[in-house]
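Residue numbers (this note's numbering): 40 to 458.
Every residue gets a Cβ at the ideal spot worked out from N, C-alpha and C, and that includes glycine.
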Amino acid sequence: MKTLVIGTGGREHALALALSRDPNVTEVHAAPGNPGIAAVAELHDVDPIDGAAVADLATGLGVDLVVVGPEAPLVAGVADAVRDAGVACFGPSRRAAELEGSKAFAKDVMAAAEVPTALAHVCETPDQVEAALDAFGPPYVVKDDALAAGKGVVVTDDRQAAVEHAASCRRVVIEEFLDGPEVSLFAITDGQTVLPLQPAQDFKRALDGDAGPNTGGMGAYLPLDWAPDDLVADVARRVLVPTVQEMERRGTPFQGLLYAGLALTSRGVRVVEFNARFGDPETQALLALLATPLSSLLNGAATGTLQDVGLPQWKDGTAVTVVMASAGYPESSSKGDVILGAGAADAIEGVDVIHAGTGLDDEGRLVTAGGRVLSVTAVGDGLEHARDRAYAGVDAISFEGAQHRTDIALAAQAGKIEL
Ligand code: AMP
Ligand code: GLY
Numbered sequence: 040m041k042t043l044v045i046g047t048g049g050r051e052h053a054l055a056l057a058l059s060r061d062p063n064v065t066e067v068h069a070a071p072g073n074p075g076i077a078a079v080a081e082l083h084d085v086d087p088i089d090g091a092a093v094a095d096l097a098t099g100l101g102v103d104l105v106v107v108g109p110e111a112p113l114v115a116g117v118a119d120a121v122r123d124a125g126v127a128c129f130g131p132s133r134r135a136a137e138l139e140g141s142k143a144f145a146k147d148v149m150a151a152a153e154v155p156t157a158l159a160h161v162c163e164t165p166d167q168v169e170a171a172l173d174a175f176g177p178p179y180v181v182k183d184d185a186l187a188a189g190k191g192v193v194v195t196d197d198r199q200a201a202v203e204h205a206a207s208c209r210r211v212v213i214e215e216f217l218d219g220p221e222v223s224l225f226a227i228t229d230g231q232t233v234l235p236l237q238p239a240q241d242f243k244r245a246l247d248g249d250a251g252p253n254t255g256g257m258g259a260y261l262p263l264d265w266a267p268d269d270l271v272a273d274v275a276r277r278v279l280v281p282t283v284q285e286m287e288r289r290g291t292p293f294q295g296l297l298y299a300g301l302a303l304t305s306r307g308v309r310v311v312e313f314n315a316r317f318g319d320p321e322t323q324a325l326l327a328l329l330a331t332p333l334s335s336l337l338n339g340a341a342t343g344t345l346q347d348v349g350l351p352q353w354k355d356g357t358a359v360t361v362v363m364a365s366a367g368y369p370e371s372s373s374k375g376d377v378i379l380g381a382g383a384a385d386a387i388e389g390v391d392v393i394h395a396g397t398g399l400d401d402e403g404r405l406v407t408a409g410g411r412v413l414s415v416t417a418v419g420d421g422l423e424h425a426r427d428r429a430y431a432g433v434d435a436i437s438f439e440g441a442q443h444r445t446d447i448a449l450a451a452q453a454g455k456i457e458l
């Protein structure tokens with residue numbers, strides 16, 4: 040099978056890497072890609088949110104399957120354009136991607152499908168904002184209704200900061216605070232059949248101890264030994280299946296990757312958010328342990344034949360991924376800082392260096408080109424082993440202003456996660 044991956048980030052590198060190792064895949068193309076993806080795929084220069092250009096590239100290359108990685112092209116309708124051109128595409132339509140593109144839409148779907156989530160008010164005026172903040176009390180949760188790459192959410196005890204964030208957005212969703220550990224659970228779906236993957240944990244805050252601002256994600260790991268045994272079955276029954284059925288009922292079937300961001304609260308599982316694509320960096324860790332050929336899952340979803348694929352199979356072991364970000368992230372980022380040691384880190388047993396915001400400078404040196412620069416993904420026998428390998432990789436890599444969290448999966452390793 041010939042495949043084309045759309046996007047430039049760590050998730051797309053992880054997808055392209057898994058496809059390059061998949062026995063059923065003969066060619067991996069990517070657009071626009073990055074220097075890490077270039078090592079496992081042939082790169083093409085295309086604007087990833089230009090549906091007609093992506094469709095032309097896919098038909099020109101004669102690929103069998105297009106995989107759209109990020110949310111922006113999905114919300115822009117790139118998957119629709121590819122399918123209209125007669126090419127199978129993994130990823131929801133523009134309308135189905137609203138599940139991620141609009142928090143208000145997602146809340147409406149959840150209400151209709153009786154999916155457990157935080158109580159919320161959609162606010163467009165300062166008066167509505169004040170009333171909603173007072174109704175819930177601190178900690179305040181204020182979410183930009185528009186796509187914000189995981190950075191549009193402010194959770195704070197500071198009422199003034201909550202008001203200011205709301206004022207900076209056109210429309211916000213203000214909701215009740217959810218306590219308890221967070222879990223990311225992804226499902227592959229063709230719009231009918233729903234195949235959950237393994238739950239993973241992501242680290243959203245920039246700094247150790249879950250301090251600092253929200254980011255796109257600073258690290259991840261799985262499996263979650265501390266999670267309830269029935270978590271996947273419970274979430275499939277109460278969240279994933281009803282949501283997919285509700286999308287079908289609305290005439291906007293959801294096909295692709297349904298990402299449920301969950302809080303395991305004292306009152307049970309609650310959905311924090313939906314995304315319409317693989318999570319980053321959870322995907323880096325998940326795909327490191329996936330035993331089923333990735334192409335069969337993606338193609339099964341894209342062609343409506345997921346029922347024939349069977350439940351995803353997993354390798355033994357533990358996967359940990361640690362993100363290295365450039366100076367200033369998440370408020371800003373630093374471009375052009377020379378990255379040393381990526382090859383040495385990649386050579387460590389069990390380690391893959393996954394590129395996100397990397398580029399090449401005029402002299403062909405690997406440099407930073409974004410906020411999240413790369414992630415070091417390691418598999419091992421248990422958390423201690425996998426963490427040791429991941430952090431050995433991180434220690435081997437250096438660039439000016441590099442920052443990373445030192446406590447990815449540490450609480451789980453120490454048995455300190457409480458439900
Ligand atoms: P979102 O973009 O909706 O995933 O929000 C980003 C992050 O903000 C989440 O991963 C949580 O860590 C935090 N967050 C969002 N909503 C809530 C909530 N209702 N209660 C507590 N934390 C939340
Ligand atoms: N890891 C969070 C996200 O992909 O949105």
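Per DSSP, reduced to three states, the secondary structure at Pro109 is coil, with no helix or strand assignment. Within 7 Å of the C-beta of Gly255 there is at least one heavy atom belonging to the ligand GLY.
Pairing Thr322 with Tyr298, the inter-Cα distance amounts to about 11 Å. Beta-bridge analysis with DSSP links Ile45 to Ala70, Val107. The bridge partners DSSP lists for Val362 are Ser414. Between the ligand AMP and the CB of Leu217, the shortest heavy atom gap is smaller than 7 Å. If the five residues before and after Ala451 are omitted, its C-beta is found closer than 8 Å to the C-beta atoms of Gln240, Tyr260, Leu263, Asp264, Trp265, Leu422, all from its own chain and listed in chain order.
Using a Cβ distance threshold of 8 Å, Pro238 and Gly49 do not count as a contacting pair. Relative to the ligand AMP, the beta carbon of Glu312 is positioned inside 7 Å of a heavy atom.
For the ligand GLY, a non-hydrogen atom lies closer than 7 Å to the CB of Asp319. In this structure, Val67 and Thr47 do not form a Cβ contact; the two beta carbons are roughly 15 Å apart against a cut-off of 8 Å.
Ser414 and Ala115 have their C-alpha atoms roughly 27 Å apart. For Asp196, same chain residues with a beta-carbon under 8 Å away, outside a window of 5 residues either side, are Pro177, Pro178, Tyr179 in chain order.
As DSSP reads the structure, Thr397 sits in a beta bridge with Thr407. Between the ligand AMP and the CB of Lys243, the shortest heavy atom gap is smaller than 7 Å. The secondary-structure analysis by DSSP pairs Glu321 with nothing; it has no beta-bridge partner. Assignment of Val114 by DSSP, reduced to helix, strand and coil, places it in the helix class.
Gly125 and Asp95 have their C-alpha atoms spaced approximately 11 Å apart.
The ligand AMP has a heavy atom closer than 7 Å to the beta-carbon of Gly300. As far as DSSP is concerned, Ser335 takes part in no beta bridge.
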